[in-house]
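K.L.:
Numbering (our numbering), first residue to last: 9 to 177. Before we start, here is the structure in question, set down as structure tokens.
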């Protein structure tokens, strides 16, 4: 179990991240994905992502929270820090119809809580308003643009709810 740490030493790294109010944000720079993680991501893409547009292949370093709150430089792993970031950085919850490019969409389950965050990338108002977002599903996946309702929890026993947030005035 600890062979990697014995052979490589302590490989966990982090960077300095603070909220706008100066509150420290715990983070870790994740390792690059191995063959098993790449296979898992490809399986998720085949299963859920037929309409996803892949923007970036599997990579390590950051997760979804790191993508939107730390400029793709690290992973933020503690869900309880997200509320602090939203508060300190001036975000507010908005109705879906007010979501614009650059805003955030959170994926939540009533029992589990936070599942994911993505950044709104575009709105298609051809027939009805369809919102697209950019996601990094975990710290070893790639990045995919997708319809906000075409996510990777579609057939789970979860009741996924979307929340939209903005830091616009």
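Note that beta-carbon positions come from the ideal geometry of N, C-alpha and C, so glycine has one too.
For residue 91, count neighbouring Cβ atoms within 10 angstroms of its own Cβ and tell me buried if that reaches 16, exposed if not.
P.N.:
The residue in question, residue 91, is exposed, as its Cβ has fewer than 16 Cβ neighbours within 10 Å.
K.L.:
Under a Cβ-count criterion, where at least 16 other Cβ atoms within 10 Å of its own Cβ denotes burial, should residue 51 be classed as buried or exposed?
P.N.:
exposed
K.L.:
Based on Cα-Cα distance, which residue from 112, 103, 106 lies nearest to residue 93?
P.N.:
112
K.L.:
Quick one: Cα of residue 44 to Cα of residue 66, how far?
P.N.:
11 Å
K.L.:
Contact defined as beta carbons within less than 8 Å: I believe residue 33 pairs with residue 26. What is the distance between those atoms, to the nearest angstrom?
P.N.:
6 Å
K.L.:
Under a Cβ-count criterion, where at least 16 other Cβ atoms within 10 Å of its own Cβ denotes burial, should residue 157 be classed as buried or exposed?
P.N.:
exposed
K.L.:
Are the beta-carbon atoms belonging to residue 76 and residue 127 less than 7 Å from one another?
P.N.:
yes
K.L.:
Between the beta-carbon of residue 125 and the beta-carbon of residue 72, is there less than 7 Å?
P.N.:
yes
K.L.:
Among 105, 150, 143, which residue has its Cα nearest to the Cα of residue 133?
P.N.:
105
K.L.:
Measuring only the C-alpha atoms, how far is residue 70 from residue 135?
P.N.:
So the alpha carbons of these two residues sit roughly 35 Å apart.
K.L.:
Would residue 144 and residue 151 be called neighbours here (beta carbons separated by less than 7 Å)?
P.N.:
yes
K.L.:
Thinking C-beta only, is residue 122 closer than 7 Å to residue 87?
P.N.:
yes
K.L.:
Can you look up residue 127 in the DSSP assignment and give me helix, strand or coil?
P.N.:
strand
K.L.:
Using the C-alpha atoms, what's the distance from residue 177 back to residue 120?
P.N.:
31 Å
K.L.:
Taking residue 137 as the reference, which of 107, 173, 164, 163 has the closest Cα?
P.N.:
When only C-alpha atoms are compared, the closest one is 107.
K.L.:
Can you tell me whether residue 99 is helix, strand or coil according to DSSP?
P.N.:
coil
K.L.:
Quick one: Cα of residue 114 to Cα of residue 130, how far?
P.N.:
16 Å
K.L.:
Which value, in whole angstroms, describes the spacing of the CA atoms of residue 41 and residue 61?
P.N.:
20 Å
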